[in-house]
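Novice: Below is the structure I would like to discuss, written out as structure tokens.
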Amino acid sequence: MSVTVKLNFVRHSARKIQPIARMFRGKSLENSIIESSLMSQDSAYFLNKAFKMAKAAATAKEFDANKLVISAISATTGPKIRRVRPNARGRANAYKKHLAHILVTVNEAKEAEPKKPTKKVKAK
């Protein structure tokens, strides 16, 4: 069973969030919250916010907070806000402000089962 949280319309480019989001895939949620709060990038602030939302949603569904692992995380592009800046000679320069959507999926960590030894087959 998993918990999915979506943080929509983040006022930050998805292209800047994605490399930092990849660092947290497969890590424990508790460690990710701590690491993202210590990072200097602006993107880490939004990821930290999404991680805290995922933790709150998981504890509301009675998951064990210490066993939670980030199974999937993605940042996709959202709509672009179009703005105009005045320029010389009465012209106007158009620019876009990028928005992003952050999706975090959290699962409980599975207990590691001991592997059974396999027999090696010799080639003839």
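In terms of the numbering used here, the sequence shown opens at residue 1195 and continues consecutively. Note that CB positions come from ideal geometry on N, CA and C, so glycine has one too.
(1) Use the C-beta contact count for leucine 1232: other C-beta atoms within 10 angstroms, 16 or more gives buried, fewer gives exposed.
(2) Which residue's Cα is closest to the Cα of glutamine 1235: Lys1274, Phe1245, His1206, His1292?
(3) Within the continuous alpha helix (DSSP H) that includes threonine 1253, where are the two ends?
(4) Would leucine 1241 and lysine 1249 be called neighbours here (beta carbons separated by less than 8 Å)?
(5) Does the distance from the C-beta atom of leucine 1293 to that of lysine 1314 stay below 8 Å?
(6) Let me check one thing: in DSSP terms, what residues is alanine 1288 bridge-paired to?
(7) What span of residues does the alpha helix (DSSP H) with lysine 1210 cover, start to end?
(8) For isoleucine 1211 versus isoleucine 1264, is the C-beta spacing smaller than 8 Å?
(9) Spell out a yes or no on whether the region 1244-1258 and the region 1276-1286 are touching, meaning 3 or more CB-CB pairs, one atom from each, closer than 8 Å.
(10) Using the beta-carbon count (16 or more within 10 Å), is isoleucine 1228 buried or exposed?
(11) What first and last residue would you give for the alpha helix (DSSP H) that runs through serine 1196?
(12) How is glutamate 1302 classed by DSSP in three states: helix, strand or coil?
(13) For phenylalanine 1245 versus serine 1222, is the C-beta distance shorter than 8 Å?
Specialist: Taking the coordinates as given:
(1) exposed
(2) Comparing alpha carbon positions, the residue from Lys1274, Phe1245, His1206, His1292 closest to glutamine 1235 is His1206.
(3) Residue range 1236-1254 is occupied by the alpha helix (DSSP H) that includes threonine 1253.
(4) no
(5) No, Cβ-Cβ distance for leucine 1293 and lysine 1314 is not below 8 Å.
(6) Val1278
(7) 1208-1218
(8) no
(9) no
(10) When all chains shown are included, isoleucine 1228 counts as exposed.
(11) Serine 1196 -> not in any alpha helix (DSSP H); beta strand (DSSP E) instead, spanning 1196-1204.
(12) strand
(13) No, the pair does not count as a contact, with Cβ atoms beyond the cut-off.
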